[in-house]
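Report on the following structure.
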Amino acid sequence: MSNQTETKTIIEVYDPAMCCSTGVCGPDVDDELADFANDVKWLKSQGIELKRYNLGQEPEEFKMCVPVLTRLQKEGSDVLPIILVNGEMVSEGGYPDRSTLMEWAGLNGSKEDTLSSEQPLDQTAKPLYNEKVDILVAIGSAVASGSDPILREMFAKGKEEGISQDDMAKAMQSGLNVRQVPLSEIVETANELLGVPSNGCAPGSGCC
Numbered sequence: 000m001s002n003q004t005e006t007k008t009i010i011e012v013y014d015p016a017m018c019c020s021t022g023v024c025g026p027d028v029d030d031e032l033a034d035f036a037n038d039v040k041w042l043k044s045q046g047i048e049l050k051r052y053n054l055g056q057e058p059e060e061f062k063m064c065v066p067v068l069t070r071l072q073k074e075g076s077d078v079l080p081i082i083l084v085n086g087e088m089v090s091e092g093g094y095p096d097r098s099t100l101m102e103w104a105g106l107n108g109s110k111e112d113t114l115s116s117e118q119p120l121d122q123t124a125k126p127l128y129n130e131k132v133d134i135l136v137a138i139g140s141a142v143a144s145g146s147d148p149i150l151r152e153m154f155a156k157g158k159e160e161g162i163s164q165d166d167m168a169k170a171m172q173s174g175l176n177v178r179q180v181p182l183s184e185i186v187e188t189a190n191e192l193l194g195v196p197s198n199g200c201a202p203g204s205g206c207c
């Protein structure tokens with residue numbers, strides 16, 4: 000049994016005899032064991048020390064732990080798994096859920112949500128998308144799609160909203176960059192079919 004300290008939580012799991020350290024193997028995986036294995040992995044990622052002992056592979060660990068050995072001698076292997084927190088028996092006969100593990104580890108209210116180890120979204124981030132950005136996006140899209148009426152409409156609206164001409168020019172350039180991609184590709188294909196050097200010139204333009 001592991002040594003204890005006042006500042007560190009140590010969780011020990013005494014598993015029944017299983018084919019591997021987690022019991023998650025073979026074609027028919029026990030859902031309870033799979034869930035517990037994931038919870039153990041998450042708990043360790045939070046800095047909690049958790050040890051598992053397999054009766055079939057580590058019988059000496061069971062003999063050295065008096066509380067576990069006593070329960071086994073009295074009730075048999077049906078009491079497994081037995082779980083100890085800092086040397087104190089807290090559970091037997093089943094695997095706890097993540098919220099219970101968190102409570103034992105002292106993580107409630109201080110770490111992440113019990114059902115996920117992912118970082119929460121930053122709720123303090125200031126949204127960037129607004130009406131002016133919407134107009135700039137529309138200007139770029141109008142150029143990319145070749146829509147003259149929409150471009151004129153959005154340019155006029157941009158002036159009304161106080162958007163600088165420089166910003167609108169950048170939005171137009173972004174649209175042009177998008178529009179040029181398929182245009183340059185079709186020019187390349189046309190020149191290839193005609194068997195002429197492709198230097199970005201349109202077929203038959205005489206600029207090459």
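No gaps in the numbering here: position 51 of the sequence shown is 50 in numbering that gives the first Met the number 0, and each next residue is one more. Using N, Cα and C, we set each Cβ at its ideal position, and we do this for glycine too.
Asked, Found
"At least 3 beta-carbon pairs within less than 8 Å: the segment 42-50 vs the segment 67-82", "no"
"Close-in-space but distant-in-sequence residues of the same chain around residue 106 (CB under 7 Å, 5 per side omitted)", "45"
"Continuous alpha helix (DSSP H) assignments of at least 4 residues falling wholly in the segment 123-170", "130-144, 147-159"
"DSSP three-state assignment for residue 34, whether helix, strand or coil", "helix"
"Endpoints, alpha helix (DSSP H) assigned at residue 73", "65-74"
"Those residues which DSSP pairs with residue 51 across a bridge", "12"
"Alpha carbon of residue 36 to alpha carbon of residue 29, nearest angstrom", "11 Å"
"Cα-Cα separation, residue 158 to residue 146", "19 Å"
"Reduced DSSP category for residue 90 - H, G, I as helix; E, B as strand; rest coil", "strand"
"Contact check, residue 14 vs residue 42, beta carbons under 8 Å", "no"
"Residue 84 - partner residues in DSSP beta bridges", "10, 87"
"C-alpha gap between residue 194 and residue 160, whole angstroms", "51 Å"
"Limits of the unbroken alpha helix (DSSP H) element including residue 98", "97-104"
"Closest Cα partner of residue 174 within the set 151, 38, 137", "137"
"Three-way DSSP call (helix, strand, coil) for residue 39 in this model", "helix"
"Nearest-angstrom Cα separation, counted from residue 88 out to residue 81", "7 Å"
"Top-ranked residue by Cα proximity to residue 34, from 192, 148, 96, 166", "96"
"DSSP-derived helix/strand/coil call for residue 46", "coil"
"Residue of 61, 67, 94 minimising C-alpha distance to residue 21", "94"
"DSSP-derived helix/strand/coil call for residue 194", "coil"
"DSSP-derived helix/strand/coil call for residue 79", "coil"
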